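Chemist:
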Ligand code: IMP
Ligand code: MG
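In the numbering used here, the protein residues as written are 46 to 223.
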């Protein structure tokens, strides 16, 4: 699939992301302090860089597992129907769970995943999203912790893609079609 030409303008620097993650990790640590059974559930693929940095700031015993839900395909429009493409490898029944998402946009993905995982009866479940676009919300959900609230812009970098590209940028940038 081809795309109109675009450029990327930096929105959040690598340094700001790192500083924010230190604070988030401290808050998450304080919340789950004393746990011996925290499972980090990363939503593929956009959260992989965030998780890598977050777990290295988190001084708790953790396991890391991944779940893949379908989202945009190759467009910039969200689909309301959320499908599970890859489920967790491990059980979360009775465990403490932290769901890690890259962006909460309409909210369909996170609310679907939270409902699905709640059915498995974890002991506790919280959510953290690196980015939140509150103006786009269609489902009433908010992550327990949010890195940054951003305006309604299509963003890439730090794990987040546009049609599978730009995940390797060290910062968050917005896509500007030229
Ligand atoms: P939601 O279900 O509408 O909340 O969409 C959440 C998912 O859509 C996120 O996990 C991202 O994968 C994707 N998404 C939302 N906004 C953007 C964006 O600006 N750039 C890239 N992907 C996005
Ligand atoms: Mg996603």
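For every residue, glycine included, the Cβ atom is placed at its ideal position computed from N, Cα and C. Here the structure is a predicted model, which means the values were calculated and not measured.
CB-CB under 7 Å to residue 70, same chain, minus the five flanking residues each way: which ones, in chain order?
Modeler: So the list reads 99, 102 and 103, once near-sequence residues are dropped.
Chemist: With H, G and I counted as helix, E and B as strand and the rest as coil, what does DSSP make of residue 131?
Modeler: Three-state result, residue 131: strand.
Chemist: When the distance is taken between beta carbons, is residue 218 closer than 8 Å to residue 95?
Modeler: No; because the gap between Cβ atoms is not below 8 Å, this pair is not in contact.
Chemist: In chain order, what residues of the same chain have a beta carbon less than 7 Å from the beta carbon of residue 49, not counting five sequence neighbours either side?
Modeler: If we look at residue 49 and ignore the five residues flanking it on each side, its Cβ neighbours are 222.
Chemist: Determine the burial state of residue 115: buried for a count of at least 16 other Cβ atoms within 10 Å of its Cβ, exposed for fewer.
Modeler: By the 10 Å Cβ count, residue 115 comes out exposed.
Chemist: Taking only three categories from DSSP, how would you classify residue 210?
Modeler: Three-state DSSP puts residue 210 in a strand.
Chemist: Candidates 211, 216, 185 and 207: which alpha carbon is nearest residue 193's?
Modeler: Nearest of 211, 216, 185 and 207 to residue 193, Cα basis: 216.
Chemist: May I ask you to verify whether the segment 105 to 115 touches the segment 81 to 91, counting CB pairs closer than 8 Å and requiring at least 3?
Modeler: Yes, the segment 105 to 115 touches the segment 81 to 91.
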